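Basically this note's numbering = 1-based index in the sequence shown + 10. We treat Cβ as the ideally placed atom computed from N, Cα and C, and that holds for glycine. Note that the coordinates shown come from a computational prediction; the quantities given were computed from them, not determined experimentally.
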Amino acid sequence: MSEKVRFIVNVKGYVQGVGFRYHCYKLAKSMDIYGYVRNLYNGDVELDIEGIEGILNDYIKELKIGNQNSVVKSVEVHRLENSIDYKEFSIK
Numbered sequence: 011m012s013e014k015v016r017f018i019v020n021v022k023g024y025v026q027g028v029g030f031r032y033h034c035y036k037l038a039k040s041m042d043i044y045g046y047v048r049n050l051y052n053g054d055v056e057l058d059i060e061g062i063e064g065i066l067n068d069y070i071k072e073l074k075i076g077n078q079n080s081v082v083k084s085v086e087v088h089r090l091e092n093s094i095d096y097k098e099f100s101i102k
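See the structure below:
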């Protein structure tokens, strides 16, 4: 079994008020990814995600595409050493 990894992902662009967090949620549920997504005060969207590294990388590729109403300008990914062991994916 592959080991779980954890990433903090910061998505910049036109990503608030356009269903982007729900898009992240649906995608995470379908890909066995755990953690959360939330809006930040500066207009970015932040994700704290855990899962198998290859699956997380595929998920991040989908985040870069966004949903039909969003415009993703950049995606920053930071790998964390510690795990939270999230049991679900939520929208905050």
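Between the C-alpha atoms of residue i and residue j, what's the straight-line distance to the nearest angstrom?
i, j, result
"Lys74", "Val85", "6 Å"
"Met41", "Val47", "15 Å"
"Val28", "Leu90", "28 Å"
"Asn79", "Asn52", "19 Å"
"Tyr35", "Asn49", "13 Å"
"Lys39", "Ile65", "12 Å"
Tell me, to the nearest whole angstrom, how far the beta carbon of residue i is from that of residue j; I am working on the premise that it is less than 8 Å.
i, j, result
"Asp54", "Val21", "6 Å"
"Lys14", "Gly61", "6 Å"
"Asn82", "Gly23", "Looking at the sequence shown, residue 82 is not Asn but Val. Confirmed, Cβ separation roughly 5 Å."
Mind checking whether the beta-carbon of residue i lies closer than 7 Å to any heavy atom of the ligand GTP?
i, result
"Val87", "Summarising the ligand content, the structure contains no ligands, and the ligand GTP is consequently not present."
Enumerate in chain order the residues of its own chain whose CB-to-CB distance from residue i is below 7 Å, with the five nearest sequence positions on each side excluded.
i, result
"Lys97", "Tyr44"
So, at 8 Å on beta carbons, what are the nonlocal neighbours of residue i in its own chain, with the 5 sequence-adjacent residues on each side left out?
i, result
"Asn92", "Arg16"
"His33", "Gly76, Asn77 and Ser80"
Which same chain residues end up closer than 6 Å to residue i when comparing Cβ atoms and leaving out the 5 residues on each side of it in sequence?
i, result
"Leu37", "Glu72"
"Glu63", "Val15"
"Val25", "Val55 and Ser80"
If we require 4 or more residues per run, which alpha helix (DSSP H) segments fall completely within the region 25 to 67? 30 to 41
What beta strand (DSSP E) runs, 3 residues minimum, are completely inside the region 68 to 101? 81 to 90 and 99 to 101
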